[in-house]
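First comes the structure, then the notes that go with it.
2 protein chains.
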Amino acid sequence: MRELPFDAADPRLAAAAWSRLVEPGDPAAGTLVAHLGPVEALDWVVGVVRRGEAAGARPWEQAVARWAPRLEHLDVRRELDVLTRLGGHLLVPGDPRWPVPLDDLGEARPFALWVRGRLAARDDDAGRQVAVVGARAATTYGQQVAAELATGLVAAGVAVVSGGAYGIDAAAHRGALGADGHTVAVLAGGVDRLYPAGNSALLESIAATGGVVAEVPPGCAPSRSRFLARNRLIAALGAATVVVEAAWRSGALSTAAHAASLARPVGAVPGPVTSMASAGCHRLLREQAAVCVTDAAEVLELVGPAGAHLPEAPAVQPGLLDGLDPRAARVLDALPARASAPVANVARAAGLPVADVRAALGHLELEGRVERDGSAWRRGRRPAGGPR
Amino acid sequence: MRELPFDAADPRLAAAAWSRLVEPGDPAAGTLVAHLGPVEALDWVVGVVRRGEAAGARPWEQAVARWAPRLEHLDVRRELDVLTRLGGHLLVPGDPRWPVPLDDLGEARPFALWVRGRLAARDDDAGRQVAVVGARAATTYGQQVAAELATGLVAAGVAVVSGGAYGIDAAAHRGALGADGHTVAVLAGGVDRLYPAGNSALLESIAATGGVVAEVPPGCAPSRSRFLARNRLIAALGAATVVVEAAWRSGALSTAAHAASLARPVGAVPGPVTSMASAGCHRLLREQAAVCVTDAAEVLELVGPAGAHLPEAPAVQPGLLDGLDPRAARVLDALPARASAPVANVARAAGLPVADVRAALGHLELEGRVERDGSAWRRGRRPAGGPR
Numbered sequence: 001m002r003e004l005p006f007d008a009a010d011p012r013l014a015a016a017a018w019s020r021l022v023e024p025g026d027p028a029a030g031t032l033v034a035h036l037g038p039v040e041a042l043d044w045v046v047g048v049v050r051r052g053e054a055a056g057a058r059p060w061e062q063a064v065a066r067w068a069p070r071l072e073h074l075d076v077r078r079e080l081d082v083l084t085r086l087g088g089h090l091l092v093p094g095d096p097r098w099p100v101p102l103d104d105l106g107e108a109r110p111f112a113l114w115v116r117g118r119l120a121a122r123d124d125d126a127g128r129q130v131a132v133v134g135a136r137a138a139t140t141y142g143q144q145v146a147a148e149l150a151t152g153l154v155a156a157g158v159a160v161v162s163g164g165a166y167g168i169d170a171a172a173h174r175g176a177l178g179a180d181g182h183t184v185a186v187l188a189g190g191v192d193r194l195y196p197a198g199n200s201a202l203l204e205s206i207a208a209t210g211g212v213v214a215e216v217p218p219g220c221a222p223s224r225s226r227f228l229a230r231n232r233l234i235a236a237l238g239a240a241t242v243v244v245e246a247a248w249r250s251g252a253l254s255t256a257a258h259a260a261s262l263a264r265p266v267g268a269v270p271g272p273v274t275s276m277a278s279a280g281c282h283r284l285l286r287e288q289a290a291v292c293v294t295d296a297a298e299v300l301e302l303v304g305p306a307g308a309h310l311p312e313a314p315a316v317q318p319g320l321l322d323g324l325d326p327r328a329a330r331v332l333d334a335l336p337a338r339a340s341a342p343v344a345n346v347a348r349a350a351g352l353p354v355a356d357v358r359a360a361l362g363h364l365e366l367e368g369r370v371e372r373d374g375s376a377w378r379r380g381r382r383p384a385g386g387p388r
Numbered sequence: 001m002r003e004l005p006f007d008a009a010d011p012r013l014a015a016a017a018w019s020r021l022v023e024p025g026d027p028a029a030g031t032l033v034a035h036l037g038p039v040e041a042l043d044w045v046v047g048v049v050r051r052g053e054a055a056g057a058r059p060w061e062q063a064v065a066r067w068a069p070r071l072e073h074l075d076v077r078r079e080l081d082v083l084t085r086l087g088g089h090l091l092v093p094g095d096p097r098w099p100v101p102l103d104d105l106g107e108a109r110p111f112a113l114w115v116r117g118r119l120a121a122r123d124d125d126a127g128r129q130v131a132v133v134g135a136r137a138a139t140t141y142g143q144q145v146a147a148e149l150a151t152g153l154v155a156a157g158v159a160v161v162s163g164g165a166y167g168i169d170a171a172a173h174r175g176a177l178g179a180d181g182h183t184v185a186v187l188a189g190g191v192d193r194l195y196p197a198g199n200s201a202l203l204e205s206i207a208a209t210g211g212v213v214a215e216v217p218p219g220c221a222p223s224r225s226r227f228l229a230r231n232r233l234i235a236a237l238g239a240a241t242v243v244v245e246a247a248w249r250s251g252a253l254s255t256a257a258h259a260a261s262l263a264r265p266v267g268a269v270p271g272p273v274t275s276m277a278s279a280g281c282h283r284l285l286r287e288q289a290a291v292c293v294t295d296a297a298e299v300l301e302l303v304g305p306a307g308a309h310l311p312e313a314p315a316v317q318p319g320l321l322d323g324l325d326p327r328a329a330r331v332l333d334a335l336p337a338r339a340s341a342p343v344a345n346v347a348r349a350a351g352l353p354v355a356d357v358r359a360a361l362g363h364l365e366l367e368g369r370v371e372r373d374g375s376a377w378r379r380g381r382r383p384a385g386g387p388r
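Protein sequences appear in the order of chains A and B. According to UniProt numbering, the first sequence holds residues 1 to 388 in order. According to UniProt numbering, the second sequence holds residues 1 to 388 in order.
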């Protein structure tokens, strides 16, 4: 295998490379990158492929075999050029403008985001948005309700996030744009291909005043599996998800399920029982998987006061978690205040894989923030940043 | 005060008299009759009035003072004549056709029912009915849904119960009648005055094939307070209550609240959020006070298989509760199988007032079904009906 044609030691380029190399939501890649970081993970894959080690049937060998074909032609400089020509920018985890709500996805967090416009109206606005989703085959009623909800949300300073489809998605964006509000379209394909074509003018308007974003690089086609993976991003970006119209089986229900699995509130708009376009909403209501919402005020109640949906500030002294990446902060916060705990307990408390916790503890130990106590760990006795 | 012009020692006439004497839902009267029975309670009231004892401000004196004016002209023979001429019949608690679900109302149980037609299609059908209620100011959509639900319910062998109003009530009855099903209209006024006049032909049809019933005697006007009290009967007669359309404040919501307080399932039919006629239904859904129902099959799920909503058969040997009135049966069933229990414990287990339990235990003791054990009670050691 040839050398990679870009600087694979640059974490931004490595993250961009991962977003090209694997399909969105690839669990093996998510785990690998979460453990090693994008640079080391990419280096490991390149090494395995070069040495021809990925020939067996073990899960990791099959994963590398799955990625190897794209590795051959991988050159993210091309995709980044396209993005730059479109006036866009790349975001990777840890960037100041990276939307931290996506970190709740854990190992399913995207490697990078390819952005046109701005994800948030202001830099301190992360989380101040609600996902408004629904059927492509929407009724006039559903489109009217979606537009009115979006109008009411942006009037309250809450941005809208949705897909780029016809029907409810488009109506929600139009409602937000019509009220001069911020709206974000999350696409399943690259941000250079505004899909569907009939919405390209709308999506250009969104890119000009709000944000158009994808986790796959320019050039990627929107496939069915990418649509389904994309739904997790909409659910994670929204402080709540509202389903305006959905058939009994509908992609919007998958977005609602992702939101629920992230412990985000889900709302469903009722409609006539004679309308098949509302059957999915009624299903959510019937299964108590959603709260009945009929106007923007009720949607706003779902998210509570500004930022109320964000995790509560951990009960530790100010500054303890400053400067830590989210994973390390979670691990440190999961350590008991005055006792030591084995890794397994910390993993349970933090809700992270044991391997993640080990890696984070290692970093924290180097910084003097945690100490070994036999086979267990405790918080460092010296102030953060002090001498060891 | 003159003598009562009818045989006030006849329990049926005494019960009918109570239904004329006091307003529906009068709590003092309900308690009094529950404790003493209609004959003794009436005798007591007559005596108090005759002796002029009800002049003070104590609650029972105020109650008697409230009832005294009607006592002066009380003659239930007139009302019973009217009922007979209409082809109707009186039901009192304990009658074979008395709808036992009403007993769940406890002391708010009506004293008697003035019935035209039949309350149940068959004598073993008690409880096989669902209340379908909603706004008078219904939309075409709501009326259509109400009729379709009723059609589906009667097709499944479940009767409909509702009020006699325009809108949802009338649509539900029409749906049931159109499918040759059994339907029951519970009126707030006497069954001789089919109110509202515009529904008189419909209500005559219901009386001819189903049932038209009131807890007030013929001649009584439907007043606002009687409508509200009437709603508890609809809720109690229905194994479940479904609200098809209701404004934000609507009498149908009071029926739903009664059903909930009786631990009966409540369903709400969603509608367009743009329709004020559905706002009450959406309120119920939003407050999780109702399950979202969109068709008859989902309504039937609320009540489960035939009779599943009825209290489980008590776990005692066959025949033990035979021939007992419901209160005595509950008390006997609440006694431990092999131990004795103080009255307070029996009252808690039976969910009845202590005074009720004392009265029932006295009767049961006379029948040899319970025995005293110091200050506690236990089940009788001899078979029911055997010699003491």
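Glycine residues also receive a C-beta, built at the ideal position from the N, C-alpha and C atoms.
{"Asked": "For arginine 116(B), which of helix, strand or coil comes out of DSSP?", "Found": "strand"}
{"Asked": "Can you tell me where the beta strand (DSSP E) with arginine 379(B) in it begins and where it stops?", "Found": "376-379"}
{"Asked": "With respect to the beta strand (DSSP E) encompassing histidine 73(A), which residues constitute its N-terminal and C-terminal limits?", "Found": "Here histidine 73(A) belongs to no beta strand (DSSP E), and DSSP marks it neither H nor E."}
{"Asked": "May I ask you to list, following chain order, the residues of the stretch 227-260 of chain B that have a beta carbon less than 9 Å from some beta carbon of chain A?", "Found": "none"}
{"Asked": "What span of residues does the beta strand (DSSP E) with histidine 89(B) cover, start to end?", "Found": "89-91"}
{"Asked": "Tell me, please, whether the CB atom of proline 270(B) is closer than 9 Å to any CB atom in chain A?", "Found": "yes"}
{"Asked": "Using a Cβ cut-off of 9 Å (strictly closer), state whether alanine 147(B) contacts chain A.", "Found": "no"}
{"Asked": "On the three-pair Cβ rule with 8 Å, is the stretch 7-16 of chain B touching the stretch 363-376 of chain A?", "Found": "no"}
{"Asked": "Work out the CA separation of aspartate 180(A) and glycine 267(B) for me, nearest whole Å.", "Found": "40 Å"}
{"Asked": "Which bits of chain A does leucine 285(B) rub up against, with CB to CB less than 8 Å?", "Found": "Pro270, Leu285 and Cys292"}
{"Asked": "Helix, strand or coil, according to DSSP, for threonine 183(A) in the structure here?", "Found": "strand"}
{"Asked": "Tell whether a beta-carbon distance below 9 Å holds between leucine 262(B) and leucine 153(B).", "Found": "no"}
{"Asked": "Using only CA atoms, which one of Gly94(B), Arg50(B), Glu53(B) and Asp169(B) lies nearest to threonine 255(B)?", "Found": "Asp169(B)"}
{"Asked": "For histidine 35(B), which of Phe111(B), Thr294(B) and Ala17(B) has the nearest alpha-carbon?", "Found": "Phe111(B)"}
{"Asked": "Grab me the residues of tryptophan 60(B)'s own chain with a C-beta within less than 7 Å of its C-beta, minus the 5 sequence neighbours each way, in chain order.", "Found": "Ala28"}
{"Asked": "Please compile the residues from chain B whose C-beta is within a distance smaller than 7 Å of the C-beta of histidine 73(A).", "Found": "Chain B residues near histidine 73(A): none, gap ~51 Å exceeds 7 Å."}
{"Asked": "Measuring CB to CB, does leucine 102(A) end up less than 9 Å from proline 218(A)?", "Found": "no"}
{"Asked": "For alanine 135(A), count neighbouring C-beta atoms within 10 Å of its own C-beta (all shown protein chains included) and say buried if the count is 16 or more, exposed if not.", "Found": "buried"}
{"Asked": "Under the rule that 16 or more other beta-carbon atoms within 10 Å means buried, what is alanine 214(A), buried or exposed?", "Found": "buried"}
{"Asked": "Can you pull the chain B neighbours of glutamine 143(A), defined as C-beta to C-beta under 7 Å?", "Found": "The contacting residues do not exist; glutamine 143(A) stays about 12 Å from chain B at best."}
{"Asked": "If you follow the beta strand (DSSP E) that threonine 274(B) is in, where does it begin and where does it stop?", "Found": "Note, threonine 274(B): premise wrong, no beta strand (DSSP E); not H, not E."}
{"Asked": "Quick one: residues in its chain with C-beta nearer than 7 Å to the C-beta of glutamate 108(A), no 5 flanking neighbours on either side, listed in chain order?", "Found": "The residue asked about is misnamed: residue 108(A) is alanine in this sequence, not glutamate. Cβ neighbours of alanine 108(A) beyond the five flanking positions: Gly25, Gly30 and Arg232."}
{"Asked": "Judging by CA-CA distance, which residue of Val49(B), Ala8(B), Val22(B) and Trp67(B) is the nearest neighbour of glutamate 40(B)?", "Found": "Ala8(B)"}
{"Asked": "For glycine 163(B) versus valine 186(B), is the C-beta distance shorter than 9 Å?", "Found": "yes"}
{"Asked": "Near alanine 176(B), which residues of its chain fall below 6 Å by C-beta distance, leaving aside the five closest residues on each side in sequence?", "Found": "Ala150, Val154, Val160 and Thr183"}
{"Asked": "Would you mind telling me which residues of chain B sit closer than 8 Å to valine 273(A), beta carbon to beta carbon, in chain order?", "Found": "Val145, Val269, Pro270, Gly271, Thr294 and Asp295"}
{"Asked": "Shorter than 9 Å from the beta carbon of alanine 279(B) to some beta carbon of chain A?", "Found": "yes"}
{"Asked": "Per DSSP, what are the beta-bridge partners of valine 160(A) in this structure?", "Found": "Val130(A) and Thr183(A)"}
{"Asked": "With 9 Å as the threshold, decide whether the Cβ of glutamate 298(B) is near any Cβ in chain A.", "Found": "yes"}
{"Asked": "Beta-carbon of histidine 282(B) versus every beta-carbon of chain A: anything under 9 Å?", "Found": "yes"}
{"Asked": "Looking at chain B, is there any beta carbon in it that lies within less than 9 Å of the beta carbon of glutamine 129(A)?", "Found": "no"}
{"Asked": "So, does the CB of glutamine 62(B) fall closer than 9 Å to a CB anywhere in chain A?", "Found": "no"}
{"Asked": "In whole angstroms, give me the CA-to-CA distance for glycine 190(B) and alanine 221(B).", "Found": "7 Å"}
{"Asked": "Measuring CB to CB, does alanine 279(B) end up less than 9 Å from threonine 294(A)?", "Found": "yes"}
{"Asked": "Since alanine 207(A) and arginine 116(A) are thought to touch, with beta carbons under 8 Å apart, how far apart are those beta carbons, to the nearest angstrom?", "Found": "4 Å"}
{"Asked": "Leaving aside the five residues before and after aspartate 75(B) along the sequence, list all residues of the same chain whose C-beta is less than 7 Å from its C-beta, in chain order.", "Found": "Pro5 and Phe6"}
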